[in-house]
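J.: Here my numbering runs 3 ahead of the position in the sequence shown, where the first position is 1.
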Amino acid sequence: MRKIVVASDSFKGSLSSAQVADAVEKAVLKSLPKAEVVKVNVADGGEGTVDAVTEALGGSMVYARVSDPLRRPVLAKYGVAGDLAIIEVAAACGLTLLKPEERNPRQTNTYGVGELILDAIHRGCNRFLIGLGGSATNDGGRGMLSVPGFLDAVAEKSFTVACDVDTPFVGPNGASRVFGPQKGASLEDVEILDLQLKEYAKEILERTGVDVSDMPGAGAAGGLGGAFASFMHAKLVPGVEMVLDAIRFTDLLLDADLVITGEGKSDFQTPKGKTPVGVLSRAKKAGIPVVLIAGKVETCEELESLGFHEIIQVTPAGMSLAEAMNPEIAAQNIRQAVSHVLSVFK
4 MRKIVVASDS FKGSLSSAQV ADAVEKAVLK SLPKAEVVKV NVADGGEGTV
54 DAVTEALGGS MVYARVSDPL RRPVLAKYGV AGDLAIIEVA AACGLTLLKP
104 EERNPRQTNT YGVGELILDA IHRGCNRFLI GLGGSATNDG GRGMLSVPGF
154 LDAVAEKSFT VACDVDTPFV GPNGASRVFG PQKGASLEDV EILDLQLKEY
204 AKEILERTGV DVSDMPGAGA AGGLGGAFAS FMHAKLVPGV EMVLDAIRFT
254 DLLLDADLVI TGEGKSDFQT PKGKTPVGVL SRAKKAGIPV VLIAGKVETC
304 EELESLGFHE IIQVTPAGMS LAEAMNPEIA AQNIRQAVSH VLSVFK
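(1) Locate the beta strand (DSSP E) running through Leu-132, then write down its first and last residues.
(2) What is the residue span of the alpha helix (DSSP H) that Val-317 lies within?
(3) Which residue or residues does DSSP assign as beta-bridge partners of Glu-118?
(4) What residue ranges within the region 74-106 form continuous beta strand (DSSP E) runs of no fewer than 3 residues, ordered along the chain?
(5) What's the C-alpha gap between Leu-119 and Ile-89?
(6) Can you name, in chain order, every residue of its own chain whose Cβ lies under 7 Å from the Cβ of Phe-333, other than the five neighbours on each side?
(7) How long is the line joining the alpha carbons of Tyr-114 and Ala-95, rounded to whole angstroms?
(8) I'd like the span of the alpha helix (DSSP H) that includes Arg-145, first residue to last.
(9) Should Arg-126 go down as buried or exposed, given a rule of 16 or more other Cβ atoms within 10 Å for buried?
(10) In the DSSP output, which residue or residues are listed as bridge partners for Glu-39?
(11) Below 8 Å, how does it come out for the region 35-49 and the region 271-286: are there three or more Cβ pairs, yes or no?
(12) Give me the DSSP bridge partner(s) of Phe-162.
(13) Is it true that the CB of Gly-146 sits closer than 8 Å to the CB of Phe-182?
(14) How is the beta strand (DSSP E) around Ser-269 delimited, first residue to last?
(15) With a Cβ-Cβ cutoff of 8 Å, do Leu-306 and Ser-269 count as a contact?
(16) How about the region 27-34 and the region 71-81: do they share at least three Cβ pairs that are nearer than 8 Å?
(17) Which residue wins for smallest C-alpha separation from Ala-156, given the options Cys-128, Glu-191, Val-173?
(18) Check whether the region 171-189 touches the region 254-263, taking contact to mean three or more Cβ pairs, one atom from each stretch, closer than 8 Å.
(19) Out of Ala-24, Val-40, Phe-172, which one is the CA nearest neighbour of Ile-7?
(20) Measure the alpha-carbon distance for Gly-254 versus Gln-199 and round it to whole angstroms.
(21) Evaluate the contact criterion for the region 244-251 versus the region 221-235: three or more CB pairs, one atom per stretch, below 8 Å.
(22) Identify the continuous alpha helix (DSSP H) that holds Ser-63 and give its terminal residues.
(23) Compute the Euclidean distance between the alpha carbons of Glu-104 and Val-69, then round it to the nearest angstrom.
(24) Cβ-heavy atom distance between Gly-136 and the ligand PLP below 7 Å?
(25) Near Met-64, what residues of its chain come up, given a Cβ to Cβ distance below 7 Å and the 5 sequence neighbours on each side ignored?
(26) Exposed or buried, what is Tyr-203 when buried is set at 16 or more other beta-carbons lying within 10 Å of its beta-carbon?
(27) Are the Cβ atoms of Leu-98 and Ala-139 separated by less than 8 Å?
(28) In three-state DSSP terms, what is Val-168?
(29) Less than 8 Å between C-beta atoms, sequence neighbours within five positions excluded: which residues of the same chain meet that for Thr-211?
(30) Which residues share a DSSP beta bridge with Ile-296?
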C-alpha cells in the first residue's frame, strides 16, 4: 500500500482525534516504512469539532469573554482560519457551564452565543461553521438575536450549522419536550416552554417569512437551529458532513489505498450520523476500503450492514475499562490492532 488516510474521531475521555491518528501512523510506518500516511482530525459536529476543524485548516484558537447561560462572564474558545470562524455554541450556553442545581431552561438564554459570533465578526470573519449541541437553553435563539447590533452584523454573512437531530421547533417531538427535561425542566416547565416557542415561531414567521414550527432540525439546541435557519438563512447539515466538507476530505482520498477511521465506542448509534459513517460514505464513493477501529464494539445488524471492510475492537478481552481508558494503554492497543489489520492487507 502506498497511501493510507487516517480520519478518526476522538476516543472520548482517553485520546484526542490527533492522538488516535498518531498511534495509527506509528503502527503503519512500522509495518510499511515507505507508506504515505495522511492524518486528518475529524469530528461529528459535537465535542471536539472546533479543535479538529481548526487544526485541519491550519487556523488558530482565540478566546472571548462572553455571557454564560445565566449571563455571567465566561471565557469561551473558538477557532479562526482566515475569514472562517468555527464555533460550538456550548462554549457560551453549554450545560456543562452550570451546576446541576442551576439548570433551568426557563431561566437560561443564548445571549453569549450572539456575543461570540459578534466577536468573530469583529476579528474579520465572514463565514461561520456552527456546532449545535450540549446547550442548556430553550429560548429559540431569542437571547442570541437580542444582542445589540447582532442582526445588522450578521447580514450577508454565511452560516453552515451542524445539526444531527430532526427535532422540530415545537410540538410533541419539539425542542421543549424532547430536550427540556435533560436541561432541568419539570413536566410543567415543558408545557410552558413549548407554548413560549409556539408564540415565538409566529413572531419568527412574521419577521422572516420562515415557518420553523415543523422544520426538521429547527429544535436543535433549544430552538437555535430555527433561529439560524430563519434569521441568518443558515444551511442545516449533519455535523460530520459539515466537518468533512470544511477539511476537503474527498480531495485527501485521491490515490488512497486504505482509510482507517475510529471512535471510542461503536454500536447501534454509529449509523446515526457518527464520524465513521461519514468517512465511510465518502470513501465508498471513491472505491476505497475502510477499516473501523474502536475502543469497544457492540456488534449489531445496523453496524455490520454499513459496509466497513473490517470492524475491530482494539481493547483486548478481559481488560478493565479503567485500564483501557489510560491514554498510553489505549494508544498501545490501537497500534497493535492496526498492525494486525496491515498484516491482513499485505
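For glycine and all other residues, C-beta sits at the position ideal for the given N, C-alpha and C.
Quick caveat, the model's predicted, so the values are computed rather than measured.
T.: In brief:
(1) That run of the beta strand (DSSP E) goes 130-134.
(2) Note, Val-317: premise wrong, no alpha helix (DSSP H); not H, not E.
(3) None; Glu-118 has no bridge partner.
(4) Segments of the beta strand (DSSP E) lying fully in the region 74-106: 76-84, 87-91.
(5) Looking at the two C-alpha atoms, the distance is approximately 11 Å.
(6) First, the residue type needs correcting, since residue 333 is Ala and not Phe in the sequence shown. If we look at Ala-333 and ignore the five residues flanking it on each side, its Cβ neighbours are Phe-14, Ser-17, Leu-18, Gly-298, Ala-327.
(7) Going by the C-alpha atoms only, they are around 8 Å apart.
(8) From DSSP, the alpha helix (DSSP H) with Arg-145 extends over 145-148.
(9) Only exposed fits Arg-126, as fewer than 16 other CB atoms lie within 10 angstroms of its CB.
(10) Bridge partners of Glu-39: Lys-6.
(11) Contact between the region 35-49 and the region 271-286 is present: 3 or more CB-CB pairs across the two stretches fall below 8 Å.
(12) Beta-bridge pairing links Phe-162 to Phe-131.
(13) For the 8 Å CB-CB criterion, Phe-182 and Gly-146 do not form a contact.
(14) Going by DSSP, Ser-269 is part of the beta strand (DSSP E) stretching over 261-269.
(15) For Leu-306 and Ser-269, yes; Cβs fall inside 8 Å.
(16) Under the Cβ criterion (8 Å, minimum of three pairs), the region 27-34 does not count as touching the region 71-81.
(17) Closest option to Ala-156, judged by alpha-carbon separation, among Cys-128, Glu-191, Val-173: Cys-128.
(18) In short, these stretches do not touch, since the Cβ pair count stays below three.
(19) Measuring from the Cα of Ile-7, the nearest candidate turns out to be Val-40.
(20) For clarity, residue 254 is Asp in the given sequence; the question names Gly instead. Rounded to the nearest angstrom, the gap between the Cα atoms of Asp-254 and Gln-199 is 45 Å.
(21) With a cut-off of 8 Å, the region 221-235 and the region 244-251 do not count as touching, because too few Cβ pairs lie within range.
(22) Counting along the chain, Ser-63 falls outside any alpha helix (DSSP H), though it belongs to the beta strand (DSSP E) covering 63-70.
(23) Our two residues, Glu-104 and Val-69, have alpha carbons roughly 22 Å apart in a direct line.
(24) Annotation note on the ligand PLP: not contained in the displayed structure, which lists no ligands.
(25) Counting only Cβ-Cβ distances below 7 Å, and skipping sequence neighbours, we find Thr-57, Lys-80, Gly-82.
(26) Label assigned to Tyr-203: buried.
(27) Their beta carbons are under 8 Å apart, which means Leu-98 touches Ala-139 by this criterion.
(28) Under the three-state reduction of DSSP, Val-168 is assigned to coil, being neither helix nor strand.
(29) The beta carbon of Thr-211 is closer than 8 Å to those of Ser-233, Phe-234 in its chain, skipping five residues each way along the sequence.
(30) In the DSSP assignment, Ile-296 forms a beta bridge with Gly-265, Ile-315.
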